[in-house]
Each structure stands twice: as C-alpha cells, then as structure tokens.
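**Q** Take the sequence shown: its letter number 34 is residue 33 in numbering that gives the first Met the number 0, and every next letter is one higher. All C-beta atoms in this analysis are idealised placements derived from N, C-alpha and C, irrespective of residue type, glycine included. Predicted, not measured: the structure shown is a model, and the values here were computed from it.
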Amino acid sequence: MPVPEKKHEVRRAPARVDHPFKGIALVLLSTVFLGCSDTTAKYLSSSLPSIEITWIRFVTFALMFTPVMLPVSPIYAMRTERLGLQLMRGAALLGSSLFFITGLSFLPIAEASATGFVSPLFVTALSIVFLSEKVGMRRWIATAIGLTGVMIILRPGSSAFHAAAFFPIISAFCWAAALILTRMMSGREAVVTTMAYSALTGVVILSLMVPFVWVTPSWSAIGFGILIGVFSTVGQWIVVLAYRYGDASVLAPFSYTQLLWVSILGFFIFGEVPDVWTITGAAFIVASGLYIAHRERVRRSQLLATAGEPSPNA
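(1) Fully enclosed by the segment 72 to 127, which alpha helix (DSSP H) runs are 4 residues long or longer?
(2) Once the 5 residues before and after Tyr196 are set aside, which same chain residues still bring their CB inside 6 Å of it?
(3) I believe Val26 touches Ser217 by the beta-carbon criterion, under 8 Å. Please report the beta-carbon distance rounded to the nearest angstrom.
(4) Could you have a look at Tyr244 and say whether DSSP puts it in helix, strand or coil?
(5) Given this structure, state the Cα-to-Cα distance separating Thr181 from Ser45, to the nearest angstrom.
(6) Which two residues bound the contiguous alpha helix (DSSP H) that contains Lys133?
(7) Taking the straight line between their C-alpha atoms, what separation do you get for Gly228 and Ser206?
(8) Would you identify the three-state DSSP class for Thr192, choosing helix, strand or coil?
(9) Kindly indicate which three-state DSSP category Leu264 falls into: helix, strand or coil?
(10) Does the distance from the CB of Pro167 to the CB of Glu271 come in under 8 Å?
(11) DSSP three-state label for Gly307, please.
(12) Label Met184 either buried or exposed according to how many other C-beta atoms from any shown protein chain fall within 10 Å of its C-beta, with 16 as the threshold for buried.
(13) For Met194, count neighbouring Cβ atoms within 10 angstroms of its own Cβ and tell me buried if that reaches 16, exposed if not.
(14) What does the alpha-carbon distance come out to for the pair Ser170 and Gly222?
(15) Would DSSP call Thr215 helix, strand or coil?
(16) Given Ser231, which residues of its chain have a CB within under 8 Å of its CB, disregarding the five upstream and five downstream residues?
(17) From what residue to what residue does the alpha helix (DSSP H) around Ala355 run?
(18) Return the CA-CA distance between Ser172 and Pro70, expressed in angstroms with no decimal places.
(19) Please determine, among Met87, Ser131, Phe266, Tyr244, the residue with the shortest C-alpha to C-alpha distance to Leu199.
(20) With a cut-off of 8 Å on the beta carbons, I'd call Leu250 and Phe116 a contact; round off their distance for me.
(21) Ordered along the chain, which non-local residues of its own chain (more than five positions away) have a Cβ less than 7 Å from that of Phe129?
(22) Can you list, in chain order, the stretches of the alpha helix (DSSP H) that have 4 or more residues and sit fully within the segment 34 to 68?
(23) Return the chain-ordered list of same chain residues with a C-beta closer than 7 Å to the C-beta of Gly234, the five sequence neighbours on each side being excluded.
(24) Give the straight-line distance between the Cα atoms of His109 and Pro273, rounded to the nearest whole angstrom.
(25) Indicate whether Ala163 and Leu47 have their beta-carbon atoms separated by less than 8 Å.
(26) Rounded to a whole number of angstroms, what is the C-alpha to C-alpha distance between Ser104 and Asp246?
(27) By Cβ distance below 6 Å, which residues in the same chain neighbour Phe283 in space, the five residues on each side in sequence not counted?
(28) Measure the Cβ-Cβ separation of Leu240 and Val190 and say whether it is below 8 Å.
(29) With H, G and I counted as helix, E and B as strand and the rest as coil, what does DSSP make of Arg154?
(30) To the nearest angstrom, report how far apart Arg138 and Thr39 are at their CA atoms.
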C-alpha cells in the first residue's frame with residue numbers, strides 16, 4: 000500500500016494575550032538590536048550603495064530562516080492563510096530598511112533615527128482605520144508631544160534641516176505599515192512564518208535591483224553586512240513577539256528609546272555629539288512614552304473596576 004503523503008499544517012501563532020507591559024519590555028529590547036544594526040549600516044554606507052547594503056542584510060536574514068523554508072523541515076513555516084498580508088509586510092519592511100539606509104548616507108545617525116520616530120504617529124492613525132483600536136485624546140496628545148520632540152531635534156526650516164530627512168520619513172511610514180500588518184496577523188500566523196516571508200520577499204525584490212548598482216565589497220564589508228542582517232533579524236523577531244501583547248498605539252512610542260542607543264554609538268564610532276536641541280527633543284520623546292504607559296495602566300484599572308467601556312480620554 001502506498002504511504003499517504005504527509006501534509007504540512009499551517010503553523011498558527013499562539014492566541015493573543017493582552018499584556019501591554021510585557022509587550023513594552025520586548026519593544027525596548029528590540030531597540031538595542033535595531034540600534035546596532037542602524038549604526039553598522041551607517042558605517043557601511045560610506046563604501047557601498049544603500050541597495051547593496053540592504054540586499055546583504057536580507058540575504059543574511061533569509062539564510063537564517065532557510066531551515067524553516069524547506070518542505071522537508073519538521074518546522075516548515077511557509078504554509079500561510081494570509082499570503083497577501085505576508086507579502087505586503089515583506090515589501091513594507093524592505094521599504095523601511097532601504098529608505099532609512101539611504102538617509103544614513105547623508106544624515107547623522109541620531110538625526111536620521113529621530114526623523115524616523117514619526118512612525119508612532121503613523122501607527123496611531125493607521126491603527127484606528129485598520130485595527131479598529133480606540134485611541135483617546137490623551138494618548139493623541141502624548142503622541143503629538145513625542146512628535147514635537149522629533150521636530151525640535153530636526154529644526155525644520157533652519158540651516159540644520161537636510162532634504163534627505165524625507166528618506167527616514169518615508170521609511171517611518173513603511174515601518175508603521177509593517178507594524179500594522181504584523182498586528183493584523185497576530186494570533187493567526189506564527190512568528191517564524193511572518194519572518195520567513197519577510198526575508199524571502201526582500202531577497203527577491205532586491206535581487207532584481209542590486210545588479211544595477213553593484214560594487215564589489217571587501218571581506219570586511221561583507222562581514223559588517225552580515226552583522227546588520229543578524230542584528231536586524233533578531234530585533235524584528237522581538238518586535239513581532241511584542242505585538243502579540245499590546246495595542247500598536249500603546250507599544251509604538253517606546254521605539255523612541257532607540258534614539259538613546261544610536262546617540263551613544265554615534266558618539267563612540269562617528270564622534271557625533273548630541274547638541275542641546277537633541278537632548279531637549281529626547282526629553283519630550285521620553286516624557287510622551289512614559290505618559291502613554293501611565294495612561295494605559297489607568298485605562299486597564301478602570302476596565303477592571305467598572306467592567307465597562309474605557310474612558311474616551313484613556
């Protein structure tokens with residue numbers, strides 16, 4: 000008798016758990032890895048085109064997930080019920096990486112990162128439309144304060160503002176879209192499936208682009224490119240995990256802490272010293288993140304006490 004062919008089941012993610020403080024902790028951890036990835040990309044941008052740097056990053060990303068892409072793997076992860084969302088997330092993640100690394104070629108890393116922190120504003124707006132999340136006036140105000148901090152750092156309209164700042168802004172929108180798509184799949188798709196499709200989508204698209212800008216890299220450049228891939232992959236994995244535990248509009252502002260890491264690394268590696276504007280803007284950003292965490296704690300307390308609808312000002 001022929002042996003029935005073994006069918007792979009769609010790997011499902013664990014059910015979502017409403018635990019915002021665990022999600023916040025994971026987001027904070029992810030910023031360490033993502034900050035290291037951005038700093039390495041900034042260093043490499045002086046010798047390689049941004050498309051090639053991003054390609055090396057995604058090739059490393061894909062190689063790390065090759066075992067789960069093979070049909071013979073016991074943890075085969077390519078079965079999905081959300082193929083369209085997976086491909087869109089991969090394209091959004093690619094856009095975020097490519098535009099940000101392009102911006103790093105022209106901007107100090109702290110400024111590029113600060114500009115990219117408009118993404119929580121995009122996330123807050125998109126989460127209302129696509130996730131039906133309720134965002135109260137106080138959280139809107141806190142998010143606006145964080146954006147004000149970013150504007151203080153960039154000083155638009157002054158001689159300190161660079162037109163290349165638009166690259167990180169576009170990157171931020173792509174990143175926000177990737178976060179929203181991640182949230183839409185939370186509880187339905189396994190993390191490993193989401194990561195595998197993101198890696199594969201990026202490699203396919205970039206492999207079509209990189210021949211037009213190819214510069215033969217040195218062995219050290221290849222090594223740094225691999226580090227970018229490892230750091231960013233670990234950071235992305237943690238972000239996907241984080242969004243199982245809390246609303247996008249709650250978690251996103253904590254990505255601001257990445258500014259601290261890139262500022263420290265920028266000082267030691269590139270000799271970039273944050274000025275008073277950067278410090279002032281960072282204070283606004285931190286204050287907004289802490290206040291949003293406070294409002295989430297108050298909102299949860301109200302829900303437990305009244306078992307009713309949250310306050311519109313939560």
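**A** So, from the data block:
(1) The segment 72 to 127 contains these whole alpha helix (DSSP H) runs: 82 to 103, 108 to 115.
(2) Correct list, in chain order: Gln85, Gly89.
(3) The C-beta separation of Val26 from Ser217 comes to about 35 Å, leaving the pair out of contact by the 8 Å criterion.
(4) Look at Tyr244 here: in three-state DSSP terms it is coil, with no helix or strand label.
(5) If you take the alpha carbons of Thr181 and Ser45, they lie about 32 Å apart.
(6) Looking at the DSSP string, Lys133 is not in any alpha helix (DSSP H), and its letter there is neither H nor E.
(7) A direct Cα-Cα distance of roughly 16 Å separates Gly228 from Ser206.
(8) Helix at Thr192.
(9) It is helical.
(10) No, Cβ-Cβ distance for Pro167 and Glu271 is not below 8 Å.
(11) Confidence at Gly307 is low in this model, with a pLDDT of 44, below 50, so the placement of that residue should be treated as unreliable; the coordinate-derived value is given next. For Gly307, the three-state secondary structure derived from DSSP is coil.
(12) A buried status is given to Met184, since no fewer than 16 other beta-carbon atoms sit within 10 Å of its beta-carbon.
(13) Per the 10 Å Cβ criterion, buried.
(14) When rounded, the distance between both Cα atoms is 25 Å.
(15) Coil.
(16) So the qualifying residues of the chain are Phe32, Leu33, Ser36, Arg56, Phe60, Ser96.
(17) This structure cannot settle anything about residue 355, because the visible part of the chain is limited to 0 through 313.
(18) For the sequence presented, residue 172 should be read as Phe rather than Ser. In this structure, the alpha-carbon of Phe172 lies about 34 Å from that of Pro70.
(19) Of the listed residues, the one whose Cα sits closest to Leu199 is Met87.
(20) The Cβ separation is near 14 Å, so there is no contact.
(21) So the qualifying residues of the chain are Ile179, Met183.
(22) You should have 49 to 63, 65 to 68.
(23) The residues Ser29, Phe32, Leu33, Ser36, in chain order, have a CB closer than 7 Å to that of Gly234 in the same chain once the five nearest residues on each side in sequence are set aside.
(24) The sequence shown places Ala at residue 109, not His. The straight-line gap from Cα to Cα measures roughly 8 Å.
(25) Cβ distance not < 8 Å, so Ala163 and Leu47 don't count as in contact.
(26) Taking the straight line from one Cα to the other gives about 33 Å.
(27) Excluding residues within five positions, the ones whose Cβ falls inside 6 Å are Ile144, Thr147, Gly148.
(28) Yes, the pair counts as a contact, with Cβ atoms nearer than the cut-off.
(29) Of the three classes helix, strand and coil, the one that applies to Arg154 here is coil, per DSSP.
(30) Each residue's Cα considered, the two are about 34 Å apart.
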